[in-house]
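For the sequence shown, the UniProt record's numbering gives the first residue as 1, with consecutive numbering after it. In this text, a Cβ means the ideal position worked out from N, Cα and C, and glycines have one as well. Being a predicted model, the structure only gives us computed values, none of them experimental. One structure is given below, encoded as structure tokens.
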Amino acid sequence: MPRQCVPRGLIANEEKRYKQALAELAEAEKALMELESRPDLRSSTHYEQTTNTEMEEAGQYANYPLPKSPTPPCNLTNSNAFQKVSPKKAARPQLEKIFPPIDTSNRFQNLMDTTENNISTDPEVKISIPDINLKLSNDYNITIQEIVRNFPETTCKYNRGYIRISPHSLEDRDKIIETLDKTEKEYVLSESPENRPIKIVIKNLPPDHSKDSIVNDLVENKYHVIRINQLRNYRLKTFLPIFLVELAKTPNANNIFQLEKINNYNVKIEHYRKKLRATMCYKCSDFFHSARNCKCKPRCIKCNGTHETRMCSIKTKIENPVCINCNENGHLASWKGCPKYPVIRNNSPPTYAQKVKSNLLKTNNSPATNLSKPSPQIEINTLEEFDRNMNALKIINEAFKKFPNLIEISEKIKIAKTDLEIVTLIEWVGGRKCTASLGL
Numbered sequence: 001m002p003r004q005c006v007p008r009g010l011i012a013n014e015e016k017r018y019k020q021a022l023a024e025l026a027e028a029e030k031a032l033m034e035l036e037s038r039p040d041l042r043s044s045t046h047y048e049q050t051t052n053t054e055m056e057e058a059g060q061y062a063n064y065p066l067p068k069s070p071t072p073p074c075n076l077t078n079s080n081a082f083q084k085v086s087p088k089k090a091a092r093p094q095l096e097k098i099f100p101p102i103d104t105s106n107r108f109q110n111l112m113d114t115t116e117n118n119i120s121t122d123p124e125v126k127i128s129i130p131d132i133n134l135k136l137s138n139d140y141n142i143t144i145q146e147i148v149r150n151f152p153e154t155t156c157k158y159n160r161g162y163i164r165i166s167p168h169s170l171e172d173r174d175k176i177i178e179t180l181d182k183t184e185k186e187y188v189l190s191e192s193p194e195n196r197p198i199k200i201v202i203k204n205l206p207p208d209h210s211k212d213s214i215v216n217d218l219v220e221n222k223y224h225v226i227r228i229n230q231l232r233n234y235r236l237k238t239f240l241p242i243f244l245v246e247l248a249k250t251p252n253a254n255n256i257f258q259l260e261k262i263n264n265y266n267v268k269i270e271h272y273r274k275k276l277r278a279t280m281c282y283k284c285s286d287f288f289h290s291a292r293n294c295k296c297k298p299r300c301i302k303c304n305g306t307h308e309t310r311m312c313s314i315k316t317k318i319e320n321p322v323c324i325n326c327n328e329n330g331h332l333a334s335w336k337g338c339p340k341y342p343v344i345r346n347n348s349p350p351t352y353a354q355k356v357k358s359n360l361l362k363t364n365n366s367p368a369t370n371l372s373k374p375s376p377q378i379e380i381n382t383l384e385e386f387d388r389n390m391n392a393l394k395i396i397n398e399a400f401k402k403f404p405n406l407i408e409i410s411e412k413i414k415i416a417k418t419d420l421e422i423v424t425l426i427e428w429v430g431g432r433k434c435t436a437s438l439g440l
């Protein structure tokens, strides 16, 4: 922005006035110092000290340079550097604006008070109610009618030889169990997902390792062990270096897979992979449930007695057992080939590799590919060789008919040590041929 030039005479007058003012201030300050040094004028009656802030400030900072302005200073000695700015173009001091608070109004303020109704952000824990599976009997319908009459909100459904009873609450479930116990009914309890244990497999431990030491180590790491068992090979009747452990669902239960050492051994912990077959109860010898939740009468698969199989007195192998499920001879109820043994089909979808393989087989066996292949043509040379071989077989067959002991003579020729023995054997064959032709 261009500035207006100031005349040199005006600048000289201003400098002269400035120097004159400084000289007057210095003289006034000197006079004051002389007055203060006189003792007769220090009395308050004769001397009244007056302060002039302007004079004091000017005399105090007379030897110091002028304060710096926010704008870059101009060189007063250089007349070309100073430019006069018009009031319209000069910057005005900006005052800080104070805005009054804005009043807001909510027309729904009377409907809800946010201070009293505090919405909790904690997630609701859904409590699942396990089912009760009633075993079919002659009077099961009467039992179901009584349960529905006493607990109307209970639902019932048939499933695999059992009646699945779904209570509305945990209190109703406990009362239904008491009713079934009083009437001595057989039933199986279902487990809720929260109460189902976590099954893990511990590998890379010695086969003769103590199970108690494993439990103690896990308990020290704040894991709740429900059961531990060592897997074994039933064919070889030997224990495997694999331990099956059931843990309760505690907050730190899933951290077990990060554990690397147990009893100073480097171990490998994995999920237990269950085989694709029906679970058999060791108490009632039925399927699709475990003995832990079974409230049925015990049944032995060896003698069909009212006791568990492990408590049976028969400890030796049964030669001709009888199945308690199909009543056939030759196998037990635990045999997979039993007609009553349930078969679980694998309904998992095919993998990408299986789909690609099936598509390749379809393309290879398609009619278009078969038509594109040229049909094999029989050459004439192969037919001639075939006829020659057939004639040779006929000649050999006729020779065996004429000389039945030809194989024995050929074996003797192999054993013969001298040429004379070989010649005598051939002559003997020729002599037998001549006698046979003459009929002698």
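Distance, residue j Cα to residue i Cα
i: Lys237; j: Glu319; result: 20 angstroms
i: Thr309; j: Pro241; result: 26 angstroms
i: Leu360; j: Asn204; result: 41 angstroms
i: Lys274; j: Val225; result: 19 angstroms
i: Asn389; j: Lys357; result: 44 angstroms
i: Val188; j: Ile147; result: 16 angstroms
i: Asn293; j: Gln258; result: 31 angstroms
i: Asn233; j: Pro207; result: 12 angstroms
i: Ile262; j: Asn254; result: 16 angstroms
i: Asn405; j: Glu411; result: 10 angstroms
i: Phe99; j: Thr250; result: 58 angstroms
i: Lys302; j: Lys317; result: 10 angstroms
i: Glu29; j: Lys89; result: 40 angstroms
i: Leu420; j: Glu408; result: 18 angstroms
i: Leu35; j: Leu10; result: 38 angstroms
i: Gln94; j: Ala21; result: 32 angstroms
i: Ile344; j: Ile228; result: 27 angstroms
i: Ile324; j: Pro298; result: 13 angstroms
i: Ala399; j: Ala392; result: 11 angstroms
i: Gln230; j: Cys312; result: 23 angstroms
i: Ile314; j: Gly305; result: 11 angstroms
i: Phe239; j: Lys295; result: 31 angstroms
i: Thr154; j: Leu111; result: 40 angstroms
i: residue 446; j: His307; result: Outside the displayed range of the chain (1 to 440) lies residue 446, so it cannot be described from this structure.
Per-residue DSSP class, three states only, for residue i
i: Val423; result: helix
i: Lys268; result: strand
i: Lys355; result: helix
i: Ile98; result: coil
i: Val343; result: coil
i: Pro193; result: coil
i: Lys182; result: helix
i: Gln109; result: coil
i: Glu246; result: strand
i: Asn229; result: strand
i: Glu56; result: At Glu56, the pLDDT of 49 sits below 50, so the modelled position is not reliable; the number obtained from the coordinates is stated separately. Note: Glu56 maps to helix in three-state DSSP.
i: Leu10; result: helix
i: Lys401; result: helix
i: Ile200; result: strand
i: Val85; result: coil
i: Thr418; result: coil
i: Thr104; result: coil
i: Asn252; result: coil
CB contact below 9 angstroms: residue i versus chain D
i: Thr306; result: Of the protein chains in the structure, only one exists, and it is not chain D.
Cβ-Cβ separation, residue j to residue i (assumed contact under 8 angstroms), whole Å
i: Leu134; j: Ile177; result: About 11 angstroms; that fails the 8 angstroms criterion.
i: Leu332; j: Pro321; result: 5 angstroms
i: Pro152; j: Glu191; result: The Cβ separation is near 26 angstroms, so there is no contact.
i: residue 441; j: Asn252; result: Nothing in the structure corresponds to residue 441, since the chain is present only between 1 and 440.
i: residue 443; j: Ile163; result: Since the first residue of the chain shown is 1 and the last is 440, residue 443 is not available in this structure.
i: Glu194; j: Ser128; result: 7 angstroms
i: Thr279; j: His271; result: About 17 angstroms separates the two Cβ atoms, so there is no contact after all.
i: Ile422; j: Ile415; result: 10 angstroms between Cβ atoms; not a contact.
heavy atom of the ligand COA below 8 angstroms from residue i C-beta
i: Asp181; result: As far as ligands go, the structure on display features none, and thus does not contain the ligand COA.
Alpha helix (DSSP H) runs wholly inside the stretch 133–176, at least 4 long, in chain order = Counting only unbroken stretches of 4 or more residues, the alpha helix (DSSP H) elements lying wholly within the stretch 133–176 are 140–150, in sequence order.
Count the C-beta pairs between the stretch 263–271 and the stretch 281–294 that are closer than 8 angstroms, then say yes if the count reaches three, no if not.
-> With contact defined as three or more Cβ pairs closer than 8 angstroms, the stretch 263–271 and the stretch 281–294 are not in contact.
Evaluate contact between the stretch 342–352 and the stretch 321–334, counting only Cβ atoms and requiring at least three cross-stretch pairs below 8 angstroms.
-> Touching, no.
Can at least three beta-carbon pairs, one atom from the stretch 206–223 and one from the stretch 149–159, be found at a separation below 8 angstroms?
-> The stretch 206–223 vs the stretch 149–159: no contact.
Would you say the stretch 84–104 touches the stretch 169–181, given that touching needs at least three Cβ pairs under 8 angstroms?
-> By the C-beta criterion, the stretch 84–104 is judged not to be in contact with the stretch 169–181, since fewer than 3 inter-stretch pairs fall below 8 angstroms.
Should the stretch 245–254 be regarded as contacting the stretch 191–202, the criterion being three or more beta carbon pairs within less than 8 angstroms?
-> Yes: the two stretches touch, three or more of their Cβ pairs being nearer than 8 angstroms.
Length-filtered (3 minimum) beta strand (DSSP E) runs lying within the stretch 261–325 | Complete beta strand (DSSP E) runs here, min 3: 268–271.
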